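Asker: Let me begin by handing over the structure; questions about it come next.
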Amino acid sequence: MAQFFAYIVHKKGVADDSALELISAAKKIDSSASVTAIVTGSGADLDKVANEVAASYPEVWKIDNEALAYPNAEVVRKALLNNLPADCILLAPHDTLGMDLFPGLSIKLDSAFVSDVVDIEGVEGAAIKLIRQEFSGQVSTHVSCDMTNGSIITLRPGVFQADESKSAGGSVVDKDAGDVSAKRKYLEVVAAEVGDVDITKSDILVSVGRGIEDQDNLEIIHELAEAMGADVACSRPIVDAKWLEKSRQVGTSGLTVKPKVYLALGISGSFQHMGGVKGNPFIVAVNKNPKAPIFQVADVGIEEDILEFVPELTEAINEAK
Amino acid sequence: MEILVCVKRVPDTSENEIEVDSDGKDIERDDLVYSVNEWDNYAVEEAIQIKDKVGGSVTVVTVGDQESEEVLRREMAMGADNGILLEDDAFEGSDGKGVATILKAAVEKGKYDLILTGAQADDGAAQIGGMLAALLDLPYASLVNSIDVSDEKKLKVGREIEGGNQEMNEIEMPCVLSIQTGINEPRYVGIRGIRKVASVEIPTYGASDLGLGSDAVGEGAAKVKRLDYFVPELGEGAEMLEGSTEEKVAKLIELLKAKGGIK
Amino acid sequence: MKAILALIIVAAGVGTFAYILASRMAPLFRAAQGPRPDRIGERLFALYHFPHHRMPRPGYGDVGYPHITIILSLILLSIHVLMVIYAGFTGLEMPGMESTIGVAYAAVADIALTVLLAICVFLAIRRGHLKPARYEVPEKYGKDKSRPWALLLIGALGTIALLNMIFLGSAAAAASAAGEAHRFIPPLTGTWFAGIIMSGFSVSGAETVNTLFYFLLLISIFAYINLIPFDRMFHTITGPATVFLKKLDKGSVKPVQWGVEDEKVADLESFGVKKFEDFTWKHILDFYSCADCGRCSEHCPANAVGRPLSPRFISLKGRDYAFSHYPIRGPFIKNEPLIGDVYEEDEIWSCTTCGACEEECPVTIEYIDKIVDLRRGMVDDGMVPQSLQKPLNALGKRGNPWGKMEKKRAEWTKDLPEDVRIKDLSGGETAETLYFVDSITSYDDRMADLARATATTLSAAGADAGILGKNEKDSANEVRRFGEEMLFMDLRDHNTGMIQDSGAQSIVTSDPHALNALNKDYKDIPKAEHISQFVVRGLKDKNIAFEPLAESEKDKRYTFHDPCYLGRHSEIYDAPREVMDAIPGLKRVDMDRCRDRSFCCGGGGLMLFYEPEEEQRMGVLRVEMAKEAGANVIVTGCPFCLVNIEDAIKVAGLEGQMESIDLSELVARQIKKG
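Chain order of the listed sequences is A, B and C.
Here the first sequence stands for residues 3 to 323, where the numbers follow our numbering.
Here the second sequence stands for residues 1000 to 1262, where the numbers follow our numbering.
Here the third sequence stands for residues 379 to 1052, where the numbers follow our numbering.
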């Protein structure tokens, strides 16, 4: 079997959750796979990550270069190209860096590329059998990925189990980045505007989606939040319509929240939204569509129109006080 | 500035209920309506706005069948100057790299300063832009939500990254960018506009026009193949509360209290 | 000497006026083609009827009646003015004083002038001191020029009356000083007072006053005439043309260009109004005719909820543009796009086409056609708000604004009770009566209740009724009024074919927007009627009878909210009320603003998708009006009204206190079956 690699994403010296998910994914391809972690960056932060990850991977390739201090995909790609053997199987998370980096890398390595994989069924001959989704998650497909010349597979974050066993205890090997010149220069990150409330710190969130139908109906959500002592959050369409500020958006392109209780009201439950909900909270979903995907991930489900249900819930909570 | 925008004709998923057909090999397409991929439409609007600012022309290109022409015409009605259809039976079954290879051949037939694609399409792969850039050896940036054409040789682009933050980059031209929704407000294209471009010439290129053999494109060359479509068995999922609305409200409050959901 | 001076004044006055009028007419020659006057009899009647019927509409009597009096006075004085001018050439002697008629007329003139002066004083006080709210000019429209101009014009007219009476009075004073007889001057008129005040003057003194005030009068008359084309008084000249050329069919929309048939429309270079000269010359005349009275804006629901639309300023800005770009002196200024400069996008999209403005305007200025033309221009240039693009695209692809599948259009029939017979004609059957359901009633979960109620009623009345089912597409009433003319034509042509194939002899609908489109925008199909009219006929023919109201309903007070497209645009006010009154035990009240004064619920069709900037919802104001009228059940005759009102009841926090129900539901609930 070809050599397995896992690309480690990190921020401020801490490895991303996906780092441990990649191990499980590799095992689904080959249960005896030995995966080498490969991580790029610079300085003390990179060292911290490499050491943290070394507990779970038999070997960690660390590419340290000032040009990699911020993960500029154009530079990272060159550094990986300089080190990855042809025919390798590279696993990585399907995140914004991944979208920037890996399609191009697969061309340079001449390996097969499959993105946003949600499950791996195993190997059939010279191909890996994977599962993806299409049409905004309405249908799934089996995909065959020829690994003869190697392959790059990016995984949907949060879907694969994190392997917390820390049973590998590997060594950290220094690798060279090579030529780090690029025609794209990183300038800076402009932080999203911080709103009046930081929902990433909230314990109880009342989150609203398209089911609210109209901006004027948001009133009922605010009243429920007040009755519960909760903060109001929402899904992307609400922010796109400018009904709430971006600082209230939960999801992969919004904020990541870790509440104890999460009420999803009129939210369909797309993975982009639920990707922002971490920490395994108690999830309650209210939606008039019984087939909404949210009911797959929620703990408790209520098939009702939120415009009818929420005011009643608020009233009952206030009466009980 | 000469701009090329790669567009794709996709089923409209908003109200369409996508279902797997009886064979399991494809989705039910009988009742579907098609339109241009939403991300690609934002890209075309951005290209037109750039052209309005600095001059030049906008060309839209698609890899598809005869019906894909309608999408090219719509974008031309919007304001693109030229359309190119890349069509050949030999292209069928191409994987991402195959499609990117076809597009690369079309790019090389012209001379472009900027190539745009949508960040992703109906299959959510988000790969064509990056592959095309690598094949052409051009710099690339994905999920672009702002473009500043202040310099003749460089662009200042913003990328949408996690947490709602924006990563600012400077990228040299020629380059490839994949465009995120929300970068602008696309203009409306009415039936009248489309009728106006109904008889404009749209050249069609096939495999031989582009010099592409079956080793590079089509099913034979594909390393990634879609085997089927299916709807997964639903797992257990949530515990659905039963009873009248009042009863559900009462039960919910009980559960919320137990989990610390009511302060 | 005097004659020469008079000649100079008259020549200068008339010459200047002709020159000014020519400048004012200039843009009309560059404007788009206007309507050809047809149905002359109706138009002549309109000319007589509208101005004086509109002036004293309820709430406007305080200025309406004085205005009518002014008009009558000026008509009476028209010959007098000519005599005054003539006198300049006959030694300032007013003609006709030898005959009895001449003297009698002169006495009438004295009274008319006095009344004129008195009214001018009253109007000046009202305008200058009492300041009715509708004349206010909001900050965003710049400095208030309306008020200074109003006071100037009132003052000038009053001054002319005063000068005239002093001139006439001085003649009497001169005669009495000379010991000569003078014609009879009615006591207590201004002329009479002037004569008395000057009675102590010497002959030469009185004659000096006479000469002086004659020329002051002559100059004032021509000064005033030349002021006319600069402000609201222009309506005295252009108003009659505006009224004569008004649209005779309420609810209809002008073609993209007059004189261009449907087949040729697609070939036009440009659609709609983008620059000023794209307006028809009739519309430019409309701008000139605006009397700046503010009634349109006072009744405009968009204005009432704080949307950026005030119809009065659509006219005034248009007028001011014409004045500044076609100045009296200097070259014409090049035309620029109107949107973004004179009008804002949201200003034009905010209009619900409810027609309240057109219902009030005393000079019958057309607003809806202008808004539609401006929208056509914006659509042509792609300037459509994102919120409207999705439903428009969906209408093009699927024939309904939600993009739902055609085959699901008749799904509402699945929940019909067994005994209700309604055919689905998409299979090839024919029926005598076509029930045109339209999009919202077909696809919306709540509005499908109206479809079922209407089908129940038709069936109970024994009608041979059918629906087009999946062959029906949106009636496109709003598509047309939002400026997408080509899409409208596609949908109209499709539906026309389907209707003709259905074999229907008559059409019934529960959707006034569909009713309007079918009757005004479509051709070659049977006449469409509203379900309320069908029921009224059924009551008369004894096919329909009602059970008495249930006990629990007997204490409620029902009010009918007139939908804009049923009331103002289709002029159906009585049928729904007759239906409600035929239900034994039902107590009905009317809101203050009812019938042609009804207040728009918020708009239907594409307006449901538009995201306006507003301070509150129209529906909320309407629901509060129902509450004020003492009602607790609002009955509507339109699915869009029902959507907006049901929503508004929740937003206004009146759940439990106010209910709403559609007329078709009420009928189906009370109708005697079997």
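Note that CB positions come from ideal geometry on N, CA and C, so glycine has one too.
Small disclaimer: the values here were computed from a predicted structure and weren't measured.
1) If we ignore side chains and look at the alpha-carbon of each, how far apart do V62 (chain A) and G1117 (chain B) end up?
2) Quick one: what's got a C-beta closer than 8 Å to L406 (chain C)'s C-beta in the same chain, skipping five residues either side?
3) Taking E738 (chain C) as the reference, give the member of C:V459, C:A772, C:R776, C:R690 with the closest Cα.
4) For my contact list, Q1165 (chain B) and V192 (chain A) are in at a C-beta cut-off of 8 Å; report their separation, rounded to the angstrom.
5) Going by DSSP, what residues sit across from F6 (chain A) in a beta bridge?
6) Just by C-beta distance, which residues in the region 746-777 of chain C are closer than 9 Å to chain B?
7) Here's a check: name, in chain order, each residue in its chain whose Cβ is nearer than 8 Å to the Cβ of S648 (chain C), leaving out the five neighbours to either side.
8) Out of C:P769, C:N897, C:M543, C:S880, state which residue places its alpha-carbon closest to the alpha-carbon of M472 (chain C).
9) Give me the subset of the region 1074-1100 of chain B whose CB atoms are less than 9 Å from a CB atom of chain A, sorted by chain position.
10) With E1044 (chain B) and N1144 (chain B) assumed to form a contact (beta carbons below 8 Å), what rounded beta-carbon distance in angstroms separates them?
11) Check whether the region 952-960 of chain C touches the region 896-915 of chain C, taking contact to mean three or more Cβ pairs, one atom from each stretch, closer than 8 Å.
12) Starting from the N-terminal side, write out each stretch of the alpha helix (DSSP H) that is 4 residues or longer and does not extend beyond the region 94-172 of chain A.
13) Compare the beta carbon distance of I308 (chain A) and G213 (chain A) with 9 Å and say whether it is the shorter of the two.
14) Under 9 Å, Cβ to Cβ, is there at least one residue of chain F near Y188 (chain A)?
15) Looking at the C-beta of V125 (chain A), does it have a partner C-beta in chain B at a distance below 9 Å?
16) Give a yes or no on whether the minimum CB-CB distance between S1149 (chain B) and chain A is below 9 Å.
17) At the 9 Å Cβ level, is R1191 (chain B) part of the contact set with chain C, yes or no?
18) Taking C-beta pairs closer than 9 Å, name the residues in chain B that C147 (chain A) reaches, listed in chain order.
19) Whose C-beta lies closer than 6 Å to the C-beta of W527 (chain C) among residues of the same chain, with five residues either side of it excluded?
20) What is the DSSP secondary structure of I1002 (chain B), reduced to helix, strand or coil?
21) Tell me I1023 (chain C)'s beta-bridge partners as DSSP assigns them.
22) Could you name the residues that DSSP lists as bridge partners for L82 (chain A)?
23) How far does the alpha helix (DSSP H) with Y264 (chain A) in it reach, from first residue to last?
24) Which whole-angstrom value describes the C-beta separation of I201 (chain A) and R250 (chain A), a residue pair presumed to lie in contact below a C-beta threshold of 8 Å?
25) Since Q251 (chain A) sits in a beta bridge, which residues does DSSP pair it with?
26) Please decide whether R1277 (chain B) counts as near chain C, where near means a Cβ-Cβ distance under 9 Å.
27) Just the chain A side, please: which residues come within less than 8 Å of K1258 (chain B) by C-beta, in chain order?
28) Short check: CB of I319 (chain A) to CB of G1259 (chain B), under 9 Å?
29) In whole angstroms, what separates the C-alpha of E321 (chain A) from that of L220 (chain A)?
30) With H, G and I counted as helix, E and B as strand and the rest as coil, what does DSSP make of T811 (chain C)?
31) Helix, strand or coil: how does DSSP classify N1081 (chain B) here?
32) Strictly by DSSP, which residues pair up with N1168 (chain B)?
33) Measure from the alpha carbon of D242 (chain A) to the alpha carbon of each residue in B:L1003, B:G1163, B:D1208, then state which is nearest.
34) Kindly indicate if chain B contains any beta-carbon less than 9 Å away from that of K632 (chain C).
35) Helix, strand or coil: which one does DSSP assign to K940 (chain C)?
36) Roughly how many angstroms lie between the CA atoms of V967 (chain C) and E907 (chain C), to the nearest whole one?
Answerer: Quick look at the numbers:
1) 35 Å
2) W659, I662, L663
3) C:R690
4) 4 Å
5) A:V37, A:I91
6) M756, V757, D758, D759, G760, M761, V762, P763, Q764, L766, Q767, K768, L770, N771, A772, G774, K775, R776
7) D656, G755, D758
8) C:M543
9) D1094, G1095, K1096, A1099
10) In fact, because the Cβ distance is near 13 Å, the residues do not count as touching under 8 Å.
11) yes
12) 98-111
13) yes
14) Absent here is chain F; the protein component of the structure consists of chains A, B and C.
15) no
16) no
17) yes
18) K1222, V1223, K1224
19) D609
20) strand
21) Beta-bridge pairing links I1023 (chain C) to no other residue.
22) Its beta-bridge partners do not exist; DSSP assigns none.
23) Premise fails: Y264 (chain A) lies in the beta strand (DSSP E), 263-267, not in any alpha helix (DSSP H).
24) 6 Å
25) A:C236
26) This structure cannot speak to residue 1277 (chain B), because chain B is shown only from 1000 to 1262.
27) K262, V263, F284
28) no
29) 21 Å
30) strand
31) strand
32) A:Y188, B:V1156
33) B:G1163
34) no
35) Per the sequence shown, the amino acid found at residue 940 (chain C) is Asp instead of Lys. In this structure, D940 (chain C) counts as coil in the three-state DSSP scheme.
36) 25 Å
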